[in-house]
Amino acid sequence: MKSSGDRLIRLIAIFKFLKAGLLIALGIGLFKLLHKDVGDVFEHWCEALRLDPGSHFVNLALEKATRVNPAQVKKLGLGSFFYAGLFLAEGTGLWLRKRWGEWLTVIITSSLVPIELYEIYRHSSYVKLVVLALNVAIVIYLIYHIRSQRSA
């Protein structure tokens, strides 16, 4: 029977796999946009989702989408694949219960906390706050887990 610690490690691994999957989907979507007018695509989706075209937020997003150039789309796509690779490595190491996976997760997750704090400072949202809280909890738990395994 697995201990609750093993289940929690597996749950963290699944969280990392989900983040990787979302980033892979984002990367594929971005590369499909590479030779299209991003503003036109965004406008199409706004109509399909029946978003209010008079909304301040929709207009702001549309304005930003029209200014995106192919080089930016390519960089975002490559960046999403890069981070997906990191999350897959973390998730695999945790799933296989490898010490390197735990350390890799601690290092990568804690290194992203300052970026998350900056993003929350710029544009706060409940989703960003929840993700930050989850990532901090993961780092604290893994450090505790690593130290308790070392002393055992």
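Numbering follows our numbering, with no gaps: position 18 of the sequence shown is 751. The beta carbon of each residue, even a glycine, is placed where N, CA and C say it ideally should be. Note that the structure is a prediction, hence the values are computed from the model and not measured.
My output table needs one value for residue 784: the three-state DSSP class, helix, strand or coil.
coil
Which same chain residues end up closer than 6 Å to residue 756 when comparing Cβ atoms and leaving out the 5 residues on each side of it in sequence?
813, 816 and 817
Which listed residue (782, 783 and 797) has its alpha carbon closest to that of residue 771:
797
Pull up the distance between the alpha-carbon of residue 773 and that of residue 780, whole angstroms please.
11 Å
Residues near residue 809 by beta carbon distance below 7 Å, same chain, minus five either side:
763
Boundaries (first-last residue) of the alpha helix (DSSP H) holding residue 739:
737 to 765
By alpha-carbon positions, which one of 749, 882, 776 and 741 ends up nearest to residue 794?
776
Once the 5 residues before and after residue 850 are set aside, which same chain residues still bring their CB inside 8 Å of it?
865
Let's test the definition: count the other Cβ atoms within 10 Å of the Cβ of residue 787 and tell me whether it reaches 16, buried, or not, exposed.
exposed
Buried or exposed by the 16-neighbour rule on C-beta atoms within 10 Å, applied to residue 875:
buried
Runs of 4 residues minimum, wholly inside the region 814 to 876: which ones carry the alpha helix (DSSP H) assignment?
832 to 855
Min CB distance residue 854 to chain C below 8 Å
The displayed structure is made up of one protein chain only, and chain C is not part of it.
Please list the terminal residues of the continuous alpha helix (DSSP H) segment that includes residue 791.
789 to 799
Have a look at residue 740 and residue 837 and give me their C-alpha separation to the nearest angstrom.
19 Å
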